[in-house]
Amino acid sequence: MSERGLALCSPPAVPALPALPADSRDLAGGECDDSGGPRARGARGVGSGGDLGIVLAAQVIPQIALLLVGGVVADRWSRRAVLMGANLCAGVTQAGVAAVLISGHYSLPLIAGLELVNGAASAFAAPALRGIVPELVSDDGLQRANSLLAGTRNATKILGPAAAGVLVATVGGGWAIAVDAASFLVAAALLTRLRLAPVAAPARTGLWWELRAGWRTFRGIRWVWVITVAFCLINLLYTGVWQILGPALTRQRAGDAAWGLVLGVRALGLFAMSAVMYRLTFRYLLRAGQLLGVFGGFGLLALGFGAGLPVLLGCAFLAGVGFTALDIASEVSLQQHVPRDTLSRVTAYGDLLSYAAIPVGQLAMGPLADRFGASPVALVGGFAFAMVSLAPLLVSEVRDLPG
């Protein structure tokens, strides 16, 4: 459940089954998070703000629309081949965008068309990546493997924005996107080195039948859909408050530069917890993840209470700790307990349902803040976050699932 939902332009979270903020899409390709990774910063070279919105929408729409299809493909064919194809496609399309921007011959329809294809590629990459991990390591090694993946993603949240900012400031957004394109091509090359058992030829069944089979599995495992509902609510609460209200509240109390510092400290919390999870083992991993996930709401509470910058930074660090715990615990649980031949479809259903809450939360925050005030909304969001993280533990299948 890597932090996937908050930045759809990146993925999973993007925080395993449900989408958590700022997820990676591939093994080595570029990522966009709430602080603005290479693609987000590079895209600022794209025309006006309205043009940027069109370009990002062109990427996100096919990613969501084709996500379930991507899950079917990843379950029925070689996940390595799917990832190679998706990364090659993303690399070529990003290279095309870079060429357009570097040449100075800006064309919104062309860039939007390229990003449309890029978004389609990411819809196939995300389910395949999440399904391939248990093919590479044993069950005993899944927690360490997912901790390494989370640590890599979280390291990019610390280093990526700074590197992207330097590239954009020195050589321009086009070259920043060219570096992003190269990262996808490197990922595709690395994937050629994987040696996996051959995949049996899929039975001749239609897409609709495969989707229904995946839905039956998803719906039939109680703890899976309980966790999905919880993360759907977390996305509803967190993305709106953190992304929409967080920058303004922080700026009012600590100045313009403070929000970037808050995001950097939160990224350190994400990274630190991924290192801790690499070492720790839990008898009931999912239970531990939900309990530690309460820390994820601390940043919202700090915003709501009007805390000073030092306290806000501490709470942002703890929020990163909570999100990483949720991410790794749910990801490992899925890979251990969901049948391998439906794993990509089950995660795709979970991601899709979790993503659905993100625009609702983002659109609702402005009117709610106008009606009740930004600080009270953030405070309620923080307490609600904690309750939503703990609520799944009322279900015995979540509470007693072995790690």
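Per our numbering, the very first residue in the sequence shown carries number 354; after that it's consecutive. Cβ coordinates follow ideal geometry from the N, Cα and C atoms, glycine included. As the structure is a prediction and not an experimental result, all values here were calculated from the model.
For residue i, the three-state DSSP class (helix, strand or coil)
i, result
"residue 631", "helix"
"residue 742", "helix"
"residue 680", "helix"
"residue 701", "helix"
"residue 386", "In this predicted model, residue 386 has a pLDDT of only 46, less than 50, meaning its place in the structure is not dependable; the value taken from the coordinates is given anyway. Correct three-state label for residue 386: coil."
"residue 415", "helix"
"residue 558", "coil"
"residue 497", "helix"
"residue 431", "coil"
"residue 756", "coil"
"residue 695", "helix"
"residue 546", "coil"
"residue 600", "helix"
"residue 519", "helix"
"residue 574", "coil"
"residue 551", "coil"
"residue 466", "helix"
"residue 636", "coil"
"residue 690", "helix"
"residue 533", "helix"
"residue 708", "helix"
"residue 525", "coil"
"residue 748", "coil"
"residue 567", "helix"
"residue 583", "helix"
"residue 459", "coil"
"residue 723", "helix"
"residue 404", "helix"
Proximity winner among the options, relative to residue i (alpha-carbon distances)
i, options, result
"residue 658", "579, 610 and 736", "736"
"residue 598", "455, 680, 432 and 652", "652"
"residue 424", "713, 705, 647 and 725", "705"
"residue 696", "432, 677 and 620", "432"
"residue 564", "527, 733, 711 and 700", "700"
"residue 570", "503, 685 and 691", "691"
"residue 471", "448, 525 and 404", "448"
"residue 446", "527, 678, 639 and 511", "527"
"residue 669", "480, 620, 590 and 726", "620"
"residue 758", "608, 441 and 457", "As shown, the chain starts at 354 and ends at 756. That puts residue 758 outside it, with no answer to give."
"residue 547", "532, 434 and 467", "434"
"residue 602", "727, 421, 560 and 459", "727"
"residue 460", "504, 412, 404 and 420", "404"
"residue 529", "671, 514, 742 and 703", "514"
"residue 642", "627, 654 and 482", "627"
"residue 549", "430, 625 and 751", "430"
Test item: CB-CB of residue i and residue j under 8 Å
i, j, result
"residue 443", "residue 584", "no"
"residue 675", "residue 635", "no"
"residue 551", "residue 473", "no"
"residue 478", "residue 439", "yes"
"residue 486", "residue 688", "yes"
"residue 638", "residue 685", "yes"
"residue 594", "residue 734", "yes"
"residue 412", "residue 468", "yes"
"residue 713", "residue 666", "no"
"residue 588", "residue 710", "yes"
"residue 738", "residue 644", "no"
Residue i, buried or exposed, once every other Cβ within 10 Å from all chains shown has been counted against 16
i, result
"residue 437", "buried"
"residue 683", "buried"
"residue 493", "exposed"
"residue 740", "exposed"
"residue 562", "exposed"
"residue 475", "buried"
"residue 680", "buried"
"residue 523", "exposed"
"residue 609", "exposed"
"residue 418", "exposed"
"residue 650", "buried"
"residue 747", "exposed"
"residue 428", "buried"
"residue 640", "buried"
"residue 456", "exposed"
"residue 605", "exposed"
Near the ligand COA: residue i beta-carbon under 7 Å from a heavy atom
i, result
"residue 731", "Looking at this structure, you won't find the ligand COA or any other ligand, since it has none at all."
Neighbour flag for residue i against chain B, beta carbons, 8 Å
i, result
"residue 561", "Here there is only one protein chain, and chain B is not present."
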